[in-house]
Structures are given as structure tokens and as C-alpha cells.
């Protein structure tokens, strides 16, 4: 697909994340105004809530007046597609510009979570990351657990900890291992994780037992995608992860991008599965193109100077989101509109393609050099981590904007 041209300033620029082909959905807060459902376009956003109230958008009832995209998610894929078609018609080149009065400049806007997160599940679907971490913790001969090639491994996280880009994240307290037993201390190995998030827009059928969702059906459950940073306290994680896996080490915060790139915008950039030496069980069999092809990067800002410390691709994921949904639902677990699934850290095979400080510093045995002369093994207070990602079309790109968070000093010590 080539660039869809728009009359909105900046929408036809090759470097924008937000051409008419994209139209990602978010919740913006204008200076001095209430939060609004909006779609990003070029250098502006369209206040779709105001456009709906004015009758320029018709969805069969007011769905955009709550500053939360959950009502549209719950209304189903056809309503989402109708919204996209109507907004495209309002903003395309040659339209009568009736929506111009509902455009807001992106500069100066702040953001809220684009939807109320129902549940958060974080997977472990990046093979290179899993191999790297396993090698550091268990040695190369036991890097991947025996089940890794047979199912998407994940854990249930904390929806209450999900925050939108721009929020600071306090360094967590936790139990750290020591020679004489554990101690309660601030995490000394605080880390980021470069992930892709999937937002579900169709719930499981009601009733018990709930029928599992097939891989093919799961593709229709996807509302859209976000960038996702699953902040991780590695020293806390190492002490607690046996036998039940991550808990407090992952509960501090998860940052997502302010914009949801919809399933329709991502559809041209879905590719085939990896070549597998081990075929998954039939209920997890690959079903067509389902793997997003995104260029991803991580930037670390210290003392106002930003350094890109990693570049990689979402093509390194080993399991697709439809496979994750199918496996998640296979036990009868209900899936809800507004569920958020994390891919797990996305890393590549080469130096500079690692999506976490744990890998970039190889367990703190080497330093990551910054443009300002700084050196890092893990994150310091004041560090600003920015995730970016985009897919490249013919003369345009589809992106998410920045997914950013700054490490703040630890809060009050637990227990006083």
C-alpha cells in the first residue's frame, strides 16, 4: 500500500509516525481541558469525541464520550472499522474539511491511558532474549527450558501497574539475596524491557465452560498494538523467580505508548512465522501471516543527551499474538476486551540488538557507553528510557510515538 494523502499539516511527511494510513487511537489532555478520545494525524490529533458529538462520526450511539477506548473495543471489530473509514473520509485529501475545527496540535498535549486495562499477561516469546537470559542464569546447555518450543510461556501481571508514556517510575524496593540471607533494599539492577503489546478487542463467549479460541479466531480478537516497557528489577527477580517465576520484580510498573496502532493499520505489515525445528501442537499451529514487521529501538537519556543503545526487529518473535491468545484461552481462561498481552523482550542475535540492559551489559560484566560519556550496567536514577518503533510502507511509516519513562528515586522504605 502507498501513502494515503491528507490535507492535515505534516500527515504526508515521510518521517511522521502518523500518516492517514495509521490513525492510531489515544486519549489526550489539552491544556486546561478535559481528556478526550483522539486519533493522531500528522502534527495534530482529531478530537473524535467532539466530532461524534457534532454528528460527523456515527457509531450507532455515543461511544467516544468517556475518554476511554474500551466501549469501542467492546462494540466489536465492525464498529472499529467503521470509525476508521469515517475518520479517513474526513481527513483525506479533497475532503471538505468539516473536521478542521476539531483538530488539536499535538505539541503541548499530555496523555492518559488510552483504555482501562482489564488484565495484563506478559509472555516470553523472544527466542534470542530467552536464550540469552537462560545462558546467564543456567548455562548454555540449559538456556531454554524443555517446554519453550512447545508453548508460549507467560505469567499474569498487574493491570494496576500499567501507566502511559511520560509517567516517572520509582526505583522499587525488594528482597535481594545475600550471603547471610536476604535483605530488604532498593533494587540495584533496575532494567527496561523492549516489548510489543497487543490489546484485545473481543471477549470470549459467555458461559461455562468457555470454548477455547483458535489461532485463526484469535486474529480477529486483536484490537491493536502498543509499545510496551516491562520495567524489571533483576536482582529481585533472581532471588524470587524459583519456583514460581516473576512477582514483585515485575510489579513496579509497565509503560505503554500513548497510541494504539489498530489491527487494520498493522495488517499490511504482518509476515509469516519463523522456520520451526519443532512443530507446535495442532491447537497452536501457525495460521497465516501474524508476525508484525517493526523496526524497534531503545534510547537512553542521561543529562539531556540521548543515546540509541539498541536497535532490533519484532520479526525476532517466535510466537505470534494469536498463538498467545489461543494458548491463554485453552484452559477456559476468559479473555476480555481491554486485556493487554506483552510479547516479552524482543532481542536479536547480534550485538546492539538486545532489548534489555541485562543483555546489553551481559549481566553487568560489561558497560554500555553513552554519548555524554556516561557508562551503564543497569539504570540510574534520572535515566529516561524511550522505546520507538515503526513499520515502513511505500513512502510512509506507521509508528507509535515515544514510549518513555524516567527512573525516579525509590520511595519510602517498606515498613517505615
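In the working numbering, the protein residues as written are 271 to 686. Even glycine gets a Cβ: it sits at the ideal position worked out from N, Cα and C.
- Burial of residue 322 is indicated by the presence of at least 16 other C-beta atoms within 10 angstroms of its C-beta.
- Beta-bridge pairing by DSSP links residue 314 to 311, 375.
- Of all C-beta pairs linking the stretch 589-597 to the stretch 553-567, three or more are shorter than 8 Å, placing the two stretches in contact.
- Within its own chain, the residues whose Cβ lies closer than 8 Å to the Cβ of residue 352, once the five positions on either side in sequence are excluded, are 329, listed in chain order.
- If you look at residue 588, you'll find it isn't in any beta strand (DSSP E); DSSP assigns it neither H nor E.
- Rounded to whole angstroms, the gap between the alpha carbons of residue 503 and residue 456 is 9 Å.
- When only Cα atoms are considered, residue 360 and residue 429 end up about 35 Å apart.
- With a cutoff of 8 Å on beta-carbon distance, residue 390 and residue 422 are scored as not near each other.
- Closest in C-alpha terms to residue 646, from the list 280, 668, 458, 335, comes 458.
- Taken in chain order, the unbroken stretches of alpha helix (DSSP H) that lie wholly in the stretch 533-588 and span 4 residues or more are 533-536.
- Per DSSP, residue 393 is one residue of the beta strand (DSSP E) stretching across 390-393.
- For residue 402, the enclosing alpha helix (DSSP H) covers residues 397-408.
- Beta-bridge partners of residue 433 (DSSP): 525.
- Classified as buried, residue 594 has 16 or more neighbouring CB atoms from the shown chains inside 10 Å of its CB.
- Taking residue 630 as the centre and dropping the five residues before and after it, the same chain places the C-beta of 624, 638 closer than 6 Å to its C-beta, in chain order.
- Residue range 673-678 is occupied by the beta strand (DSSP E) that includes residue 678.
- Counting only the Cα atoms, residue 289 lies some 27 Å from residue 609.
- Counting along the chain, residue 354 sits inside the alpha helix (DSSP H) bounded by residues 347-361.
- Residues of the same chain with a CB within less than 6 Å of the CB of residue 659, apart from the 5 flanking positions on each side, are 497, 564, 566, 670 in chain order.
- The C-alpha of residue 655 is placed about 6 Å away from the C-alpha of residue 674.
- Taking 8 Å as the cut-off, the Cβ atoms of residue 293 and residue 358 count as close.
- Inter-segment contact for the stretch 393-410 and the stretch 336-351 is absent: fewer than three beta-carbon pairs are separated by less than 8 Å.
- The three-state secondary structure of residue 323, taken from DSSP, is helix.
- Following the DSSP letters along the chain, one finds residue 487 inside the alpha helix (DSSP H) bounded by residues 485-489.
- Membership of residue 498 in the beta strand (DSSP E) is indicated by the continuous run 492-500.
- Judged by their CB atoms, residue 410 and residue 522 are not nearer to each other than the 8 Å cut-off.
- Contact check for residue 601 against residue 396 fails: the beta carbons are separated by 8 Å or more.
- In the three-state DSSP reduction, residue 509 falls in the helix class (H, G or I).
- The DSSP-derived three-state label of residue 660 is strand.
- Contact check for residue 307 against residue 324 fails: the beta carbons are separated by 8 Å or more.
- Here the C-alpha atom of residue 527 lies approximately 30 Å from the C-alpha atom of residue 545.
- If you draw a straight line from the Cα of residue 469 to the Cα of residue 509, it comes to about 31 Å.
- In summary, residue 271 is exposed, with fewer than 16 beta-carbon neighbours lying within 10 Å of its beta-carbon over all protein chains present.
- Beta-bridge partners assigned by DSSP to residue 382: 297.
- Taking C-beta separations shorter than 8 Å and ignoring five residues to either side along the sequence, the partners of residue 386 in its chain run 338, 340, 608, following chain order.
- Look at residue 628 here: in three-state DSSP terms it is helix.
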